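K.L.:
2 protein chains.
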Amino acid sequence: MDNAPDTDLRLAPAAEAGRGTRPSPETRQALDPQSPVARFGADRPLAMDAGVALAPFQIAYHTAGTLNAERSNAVLVCHALTGDQYFAHRHPVTGKPGWWESLVGPGKPVDTDRYFVVCSNVVGSCMGSTGPASIDPATGRAYGLDFPLVTIRDMVRAQAMLLDHLGIRDLLLCIGGSMGGMQVLQWAALYPERVFAAMPIATGARHSAQNIAFHEVGRQAIMADPAWADGRYLDAGTRPAKGLGVARMGAHITYLSEAALHRKFGRRFQAGSAPTFSFNADFQIESYLRHQGLSFVERFDANAYLYLTRAMDYFDLAADHGGVLANAFRGTRTRFCVMSFTSDWLFPTADSRAIVHALNAAAAPVAFVEVESDKGHDAFLLDEPAMFSAARGFIDAAARARGL
Amino acid sequence: MDNAPDTDLRLAPAAEAGRGTRPSPETRQALDPQSPVARFGADRPLAMDAGVALAPFQIAYHTAGTLNAERSNAVLVCHALTGDQYFAHRHPVTGKPGWWESLVGPGKPVDTDRYFVVCSNVVGSCMGSTGPASIDPATGRAYGLDFPLVTIRDMVRAQAMLLDHLGIRDLLLCIGGSMGGMQVLQWAALYPERVFAAMPIATGARHSAQNIAFHEVGRQAIMADPAWADGRYLDAGTRPAKGLGVARMGAHITYLSEAALHRKFGRRFQAGSAPTFSFNADFQIESYLRHQGLSFVERFDANAYLYLTRAMDYFDLAADHGGVLANAFRGTRTRFCVMSFTSDWLFPTADSRAIVHALNAAAAPVAFVEVESDKGHDAFLLDEPAMFSAARGFIDAAARARGL
């Protein structure tokens, strides 16, 4: 839980592997994240679903706001697949504002003037928490594919250890979208007594066949890149930039909607109004997608992408509870607000309704909000006034109920 | 218009390029297609939208049924992106039945006991018609990316030259799905006097931004494969199998529907019922997709895939007619049947409705059929009784109106 570098646990850039090449910008950040880091030694391993006790390991996190004396105003923000702990802080690689500053901040629905907000980089990722790019103490090299498969439950267990570390027994609110929403559901199922209110957004209690299919295409694109080198590219000082870029381009389409793409780009050409009769990025949508691929590669580790997509694929909260989703929430006292967006085809409203039905069956207090939006899945990251007002109402009520 | 090999125009396998390697199965078929071939010499070039006069060139085609004495019973079937002339004949590479035997054959809606049915491999493809894998007479090597960009209109012009060659002045029916439907619309717009009845299925009068985006991801996957070698892989005797496989996997998802994927695969595991905690194809959907990628590579040329996806992206029939789609059909006497499928999200019903509205505005006779199906875009290739009965009714009526 400090910022001092710890060579045993840092991520492994090529330079660490003794090749003498300079670490890339994103690897430098992963090596020495511009955020606090909590370190867990051999005495506090992470019990992983793959049957491995991971030790040592570290969790990079960030906070905003102040923990009150009663320690009753803590909020956990859970990030999505390619998110990180920079939810309310400028990103050290891209220089962009925090990814959820629209929702979290002074006077915002998750009000940092009132609440103490924590967000940690999930285990298996690459922004300072232990993952496949970290050094395997057994070999002195990056784990690569020797890193154990990570599950959503593993991420939540690590977050719980972080909260213990920070002296936070329970959460006023656990909130997140997409893969973050999966973590919220897992929190409510695994530690119901630690979650007063839960807000899973644009998510599902399990990943659909179509979503698994899209993820598999992305993984195959990465693994098809010779620079991936069976996952050992960090040893070689290379990176599978083309494969990861293609994976990101394909995934990015699924985060938007046909309506949003039509509105933003339509069939407009890049320069002038005529086709060039070539394979150049004639259409604006092509140029935009290529940019998405290129910029992603600057900030994300390819193996981490494999691991986190796999974690989402494996997520199936009903299967973990005898095939009945309601069993995941039996006896819960957590209050829920489930939110979906009309144009989200990655996690359509039907997925949220299935969660709501299960919560109803478990007699849990639940509000359901379907936000009218044409922005697709990524709407949860964007300026959606209806989302903000619904979140504010739910969170304010939870705070009042808790005497805040 | 004969089957004899013509070395000037054959596709270029590595063996042709003097490397001494054996041509792959698919290249052998492309070299010497098991179907008739019409050859057009320097005196009959193809005027292409890219501004090139392509000569010489050849069109591989297949037929079923018998042309009547009045030459009034001809039907043109237009194939989709990865289709070919083997619409009613066993595929020479895969050994599978013709791709549209469900709709075309003796006693079928397109009844080969009554009609003479022609289907040609589109220009730019790789099953015997001239395309990027053909020998460039200027260099003696495969065209590769030196082949001019192909448009849907170029495909239709080449088909018209083939029909001239076959002595067919006009068509009782022009029918096709997806990219084949684009050709049907282009036929009706370019040669209205040659088309008595037109049936565009599961298609659009222009490609949407989202569809362009999916195509661009596929192209980037191919071009990211080092074996693609800037399109010169045939010279080297290699092929970008991994890139093309990834492109196919991604595209294949868009041909299905979430409901179909859920019904066929759900979240079922390959072996047993537990995750293996690895990147193996744990889920049946992953194994299925990998198979789709692998088998496609055996029968299709990567550069042809680039060219044909580009042709679809460029297609915009309204833009070709002053921005007003109805202008494409002004004064037409062709009768239309436009068909869509409820679960097709690649060419949703809205795309078909836009065609119908334009035909209404042009005062063209048009029937519109939306088939209830959960099979997604590929429904037009599958067993859909409602499609068959609607097609039969439309085609029978057209034949009666023509005195057949």
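Protein chains in written order, with this note's numbering: chain A, 24 to 427; chain B, 24 to 427. No residue lacks a Cβ here, since even glycine has one placed at the ideal position from N, Cα and C. Here the structure is a predicted model, which is why all the values come from computation and not from measurement.
What number of angstroms, rounded off, separates the C-alpha of B/N383 from the C-alpha of B/T355?
P.N.:
About 11 Å.
K.L.:
Applying the 10 Å Cβ sphere with the 16-neighbour rule, what's the burial state of B/D336?
P.N.:
It is buried - the Cβ of B/D336 has at least 16 other Cβ atoms within 10 Å.
K.L.:
Going by DSSP, which residues form a beta bridge with A/T89?
P.N.:
DSSP lists no partner for A/T89.
K.L.:
When you compare each of A/P120, A/A183, A/P115 and A/P59 to A/R67 by their alpha carbons, which one comes out closest?
P.N.:
Taking only the C-alpha atoms, the option nearest A/R67 is A/A183.
K.L.:
Short check: CB of B/A325 to CB of B/L267, under 9 Å?
P.N.:
Contact: yes.
K.L.:
Between which two residues does the beta strand (DSSP E) holding A/V146 run?
P.N.:
Per DSSP, A/V146 belongs to no beta strand (DSSP E) and is neither H nor E.
K.L.:
Under 9 Å, do B/T365 and B/A220 count as touching if we go by C-beta distance?
P.N.:
Contact flag unset, no.
K.L.:
Let me make sure I understand the geometry here. Which of B/Q108, B/R94, B/V361 and B/S375 has the alpha-carbon closest to that of B/A422?
P.N.:
Taking only the C-alpha atoms, the option nearest B/A422 is B/R94.
K.L.:
Taking the alpha helix (DSSP H) that A/E9 belongs to, which residues open and close that run?
P.N.:
The structure shown does not extend to residue 9 of chain A, since chain A spans only 24 to 427, so no value can be given for it.
K.L.:
Taking the Cβ atom as the reference point for each residue, do B/F80 and B/S157 lie within a distance shorter than 9 Å?
P.N.:
For B/F80 and B/S157, yes; Cβs fall inside 9 Å.
K.L.:
Take the Cβ of A/R229 as the centre, count every other Cβ of all protein chains shown within 10 Å, and call the residue buried at 16 or more, exposed below.
P.N.:
Buried is the call here.
K.L.:
I'd like the span of the alpha helix (DSSP H) that includes A/I428, first residue to last.
P.N.:
With chain A running from 24 to 427 in the structure shown, residue 428 of chain A is simply not present.
K.L.:
Nearest to B/S58 by alpha carbon, out of B/A373, B/P115 and B/L104?
P.N.:
The shortest C-alpha separation from B/S58 is found at B/P115.
K.L.:
Pop quiz: B/V394 and B/V379 are said to be a contact at Cβ under 8 Å. What is the actual Cβ separation, rounded to whole angstroms?
P.N.:
About 14 Å separates the two Cβ atoms, so there is no contact after all.
K.L.:
Comparing the C-beta of A/R45 with each C-beta of chain B, is any distance below 9 Å?
P.N.:
Confidence at A/R45 is low in this model, with a pLDDT of 46, below 50, so its placement is unreliable and no value can be given for it.
K.L.:
Give a yes or no on whether 9 Å exceeds the smallest Cβ distance from B/G273 to chain A.
P.N.:
At least one chain A Cβ lies under 9 Å of B/G273.
K.L.:
Could you tell me which uninterrupted beta strand (DSSP E) segments, each at least 3 residues in length, are contained entirely in the region 197-261 of chain B, listed from first to last along the chain?
P.N.:
List check, beta strand (DSSP E) in window: 218-224.
K.L.:
Give me the residue from A/G74, A/R164, A/L340 and A/C360 with the minimum Cα distance to A/F417.
P.N.:
The option with the nearest alpha carbon to A/F417 is A/C360.
K.L.:
Which of helix, strand or coil does DSSP assign to A/A37?
P.N.:
With a pLDDT of 36 at A/A37, under the threshold of 50, the modelled position of this residue cannot be trusted, and the question is left open.
K.L.:
Going by DSSP in three states, B/T44 sits in which element: helix, strand or coil?
P.N.:
Note that B/T44 scores 41 on pLDDT, short of 50, meaning its location in the model is unreliable; the coordinates nonetheless yield the value given after this. DSSP places B/T44 in coil when its eight states are reduced to three.
K.L.:
In chain B, what lies closer than 7 Å to A/S396 by C-beta?
P.N.:
The contacting residues do not exist; A/S396 stays about 16 Å from chain B at best.
K.L.:
In its own chain, which residues sit with a C-beta less than 7 Å from the C-beta of B/L317, not counting the 5 before and 5 after it?
P.N.:
Excluding sequence neighbours, B/L317 sits near G268.
K.L.:
Beta carbon of B/C18, beta carbon of B/V207: below 9 Å?
P.N.:
Residue 18 of chain B lies beyond the range of chain B shown here (24 to 427); nothing can be said about it.
K.L.:
Can you pull the chain A neighbours of B/H314, defined as C-beta to C-beta under 8 Å?
P.N.:
Simply none; closest approach about 12 Å.
K.L.:
Quick test of your reading: B/L69 and B/A181, contact by CB under 8 Å. State the CB separation rounded to the nearest angstrom.
P.N.:
With 8 Å as the limit, B/L69 and B/A181 qualify as a contact, their Cβ atoms being about 5 Å apart.
K.L.:
Which of helix, strand or coil does DSSP assign to A/Y337?
P.N.:
It is helical.
K.L.:
What is the C-beta distance between A/V218 and A/L194, in whole angstroms, given that I count them as a contact (C-beta under 8 Å)?
P.N.:
Indeed they touch by this definition, with Cβ atoms about 5 Å apart.
K.L.:
Would B/L104 count as contacting chain A if we go by Cβ distances under 9 Å?
P.N.:
No - not a single Cβ of chain A is within 9 Å of the one on B/L104.
K.L.:
What does A/E219 touch in chain B if you count any residue whose Cβ is under 9 Å from its own?
P.N.:
In the sequence as displayed, the identity of residue 219 of chain A is Phe instead of Glu. Those do not exist, as A/F219 stays about 31 Å from chain B at its closest Cβ, beyond 9 Å.
K.L.:
For B/I276, return the contacting residues in chain A, with the cut-off set at a CB-CB distance below 8 Å.
P.N.:
The answer, in chain order, is Q233, A236, F237 and V240.
K.L.:
Tell me which same chain residues have a C-beta within less than 7 Å of the C-beta of A/P120, skipping the five on either side of it?
P.N.:
Excluding positions up to five away in sequence, the list reads R113.
K.L.:
Assuming B/Q209 and B/I175 are in contact, meaning their beta carbons sit under 8 Å apart, how far apart are those beta carbons, in whole angstroms?
P.N.:
Indeed, because the Cβ distance is near 5 Å, the residues count as touching under 8 Å.
K.L.:
Which residues bound the beta strand (DSSP E) around A/M362?
P.N.:
Here the beta strand (DSSP E) through A/M362 covers R358 to F364.
K.L.:
In the DSSP assignment, what residue or residues form a beta bridge with A/R176?
P.N.:
None; A/R176 has no bridge partner.
K.L.:
Tell me whether A/N96 is buried or exposed, calling it buried when 16 or more other Cβ atoms sit within 10 Å of its Cβ.
P.N.:
Per the 10 Å Cβ criterion, buried.
K.L.:
By a C-beta neighbour count over all protein chains shown, 10 Å radius and 16 as the cutoff for buried, is A/G147 buried or exposed?
P.N.:
A/G147 should be labelled buried.
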